[in-house]
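Add 14 to the 1-based position in the sequence shown for our numbering, that's all there is to it. Presented below is the structure to which this report refers.
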Amino acid sequence: MKRVFILTISILCTWTASAFFTGNRAEAAPKYLIKFATVAPEGSTWIKRMRDVDKELREKSSDQLGLRIYAGGIAGDEIDVLKKIRIGQIQCAAFSGVGFGQILPMVRVLDLPFLFRSDEETDRAHNELQQFFAEEFKKKEFELLAWGEVGNVHIFSKDPIRKVKDFAGLKVWAWSGDPIAKETFAA
Numbered sequence: 015m016k017r018v019f020i021l022t023i024s025i026l027c028t029w030t031a032s033a034f035f036t037g038n039r040a041e042a043a044p045k046y047l048i049k050f051a052t053v054a055p056e057g058s059t060w061i062k063r064m065r066d067v068d069k070e071l072r073e074k075s076s077d078q079l080g081l082r083i084y085a086g087g088i089a090g091d092e093i094d095v096l097k098k099i100r101i102g103q104i105q106c107a108a109f110s111g112v113g114f115g116q117i118l119p120m121v122r123v124l125d126l127p128f129l130f131r132s133d134e135e136t137d138r139a140h141n142e143l144q145q146f147f148a149e150e151f152k153k154k155e156f157e158l159l160a161w162g163e164v165g166n167v168h169i170f171s172k173d174p175i176r177k178v179k180d181f182a183g184l185k186v187w188a189w190s191g192d193p194i195a196k197e198t199f200a201a
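Given below as structure tokens:
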């Protein structure tokens, strides 16, 4: 019985190693692979869309070009990813305002709380400033490929918050190094 068990384990290990090392995996690596990183979680709309982009790149390039997607911050936070881009470990990324602000601080004007009164105002500002920001990113040696919107910031609490004074004594989580959140909640 012991030999049969060991033989079964040996066959399974050999088969698994063979499948792994001979490239019989479901997804073969394309000739050119673009490493894409984001803190957006696996399974999110953002990652589903990037997987669609990867599929389209592979189809249109006859599997010559594709993406390796590092979702959910597995390549690090946005500051880590920026460092990796600068040294060539990552070639493409999706950032929040915090990450964008590390490259081009002026872009954070779009994140100022209570600056816009409606979605229309927000869209108008984005549309008017997009070309300007794209040119400014280029000066910093970054190419702005797309601009996405994720919506407003929402605050959740166990206790009701109806007035500014209700924030007194509460700890509000904010991204480390985010001066806008720090100043907003310090006020």
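Think of the CB as a built atom: it goes at the ideal place given N, C-alpha and C, for glycine as much as any other residue.
Contact annotation, F156 with I93: C-beta distance approximately 14 Å; criterion of less than 8 Å not satisfied.
CA-to-CA, the gap between A54 and S76 works out to about 28 Å. Taking 8 Å as the cut-off, the beta carbon of G113 is found closer than this to the beta carbon of L96. The beta carbon of A89 is closer than 7 Å to those of A51, V95, K98, I104 in its chain, skipping five residues each way along the sequence. With respect to the C-alpha of S171, the residue from G162, A182, G165, V164 having the closest C-alpha is A182. Fully enclosed beta strand (DSSP E) runs of no fewer than 3 residues occupy 79-84 of the stretch 61-99, in order along the chain. In the DSSP annotation of this structure, the continuous segment of the alpha helix (DSSP H) that includes F114 starts and ends at 111-117. Per DSSP, I104 lies in no beta strand (DSSP E) segment and is marked neither H nor E.
For K179, no alpha helix (DSSP H) segment is defined, and its DSSP state is neither H nor E.
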